[in-house]
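A short write-up of the structure that comes next.
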Ligand SMILES: [Zn+2]
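Numbering (the numbering used here), first residue to last: 4 to 267.
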């Protein structure tokens, strides 16, 4: 997921939906469906009280292997606007949308879109300001890490954009899709690489079993530095109930593990 592109797509789509509304519109007049919790949170931040938002794959759940329910099909059928991440993240969404017969406008959040302004009661510019401030803080704090404290291992390949944006290296025994099991050979190659080159820390993820990462820790002697939220927010009461909270949690976990070489 790319942060800003997703948000911009959200602004555009929500604008289109809201423009069509009378000034007396109620929350129930526009129904929006988001494919997973992180995207759902962003859309809610943008639309505020002006639309109802239904999220299909909830907190701590794995969107890659999700199987839609009858209720999901109904929500999609009744939606005015649908947001999906795209890039193959939701393997099930094309079928769900097609078979529901929905007339909703479908937006793929990872497509690059130029932002437009939303007027009315929502204030997405404040949300964008918060996101930009967090991005700047992340850049500053991660820039302080030495070169040999910038490689981490997660259970699956979920942090490519984060790595690219902030100059970190993420290694994983499983690719982008959690459905794939690592082959014994791939796992052995990764473990050899970690023994030879090291890594600053290993991380378990909220959506996948910790067993694989534990095995890598046992075989390499590299400590598990904490838990990262990868493809889903946490349950209510957890540390990552919004996109901003999730990002801050992940940043803190990375800094705790990478900023302190003696904690290995
Ligand atoms: Zn993933």
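We put the beta carbon where it would ideally sit given N, CA and C, even for glycine.
> What span of residues does the beta strand (DSSP E) with residue 173 cover, start to end?
Replying inline: 172-174
Any residues whose CB sits closer than 5 Å to a heavy atom of ligand 1? List them in chain order?
161 and 234
If you reduce the DSSP assignment to three classes, tell me which class residue 33 lands in. In this structure, residue 33 counts as coil in the three-state DSSP scheme.
Beta-carbon proximity of residue 71 to residue 235, cut-off 7 Å: no
Assuming residue 134 is part of the alpha helix (DSSP H), what are its boundary residues?
Per DSSP, residue 134 belongs to the alpha helix (DSSP H) from 127-146.
Taking 8 Å as the threshold, find out whether the stretch 175-189 comes into contact with the stretch 247-260 through three or more Cβ pairs. no
Output the distance between the C-alpha atoms of residue 167 and residue 202, rounded to the nearest integer angstrom. 17 Å
Can residue 105 and residue 82 be called in contact, C-beta distance under 7 Å? yes
Checklist line | Minimum length 3: unbroken beta strand (DSSP E) runs contained in the stretch 45-87 | finding: 55-60 and 84-87
Need the endpoints of the beta strand (DSSP E) that residue 110 sits in, please. 108-111
Among 33, 52, 100 and 59, which one has its Cα closest to the Cα of residue 43?
59
I'd like to check one pair, residue 208 with residue 237: are the Cβ atoms closer than 7 Å? no
Please report the residue range of the beta strand (DSSP E) in which residue 236 lies. Careful: residue 236 lies outside any beta strand (DSSP E) and carries neither H nor E.
Buried or exposed for residue 94, going by 16 or more other Cβ atoms inside 10 Å? exposed
TODO: Within the same chain, show all residues whose beta-carbon is closer than 7 Å to that of residue 260, passing over the 5 residues directly before and after it, in chain order.
DONE: A distance below 7 Å between beta-carbons, with the five flanking residues on each side excluded, links residue 260 to the following residues of its chain, in chain order: 203, 204, 228, 229 and 266.
**residue 152, buried or exposed, once every other Cβ within 10 Å from all chains shown has been counted against 16** = buried
- What does a CB cutoff of less than 8 Å around residue 220 pick up in its chain, not counting 5 residues either side in sequence? Counting only Cβ-Cβ distances below 8 Å, and skipping sequence neighbours, we find 205, 226 and 227.
(Q) Pairs of beta-carbons, one from the stretch 238-251 and one from the stretch 193-201, closer than 8 Å: are there three or more? (A) no
- prompt: Residue range of the beta strand (DSSP E) that residue 207 falls in?
  reply: Judged by DSSP secondary structure, residue 207 falls within the beta strand (DSSP E) whose first and last residues are 204-208.
Work out the CA separation of residue 102 and residue 161 for me, nearest whole Å.
29 Å
- Out of curiosity, what's the CA-to-CA distance linking residue 118 and residue 47? Caution applies to residue 118, whose pLDDT of 46 falls short of 50 and renders its modelled position unreliable; the value that the coordinates give is listed next. Distance between the alpha carbons of residue 118 and residue 47 is about 17 Å.
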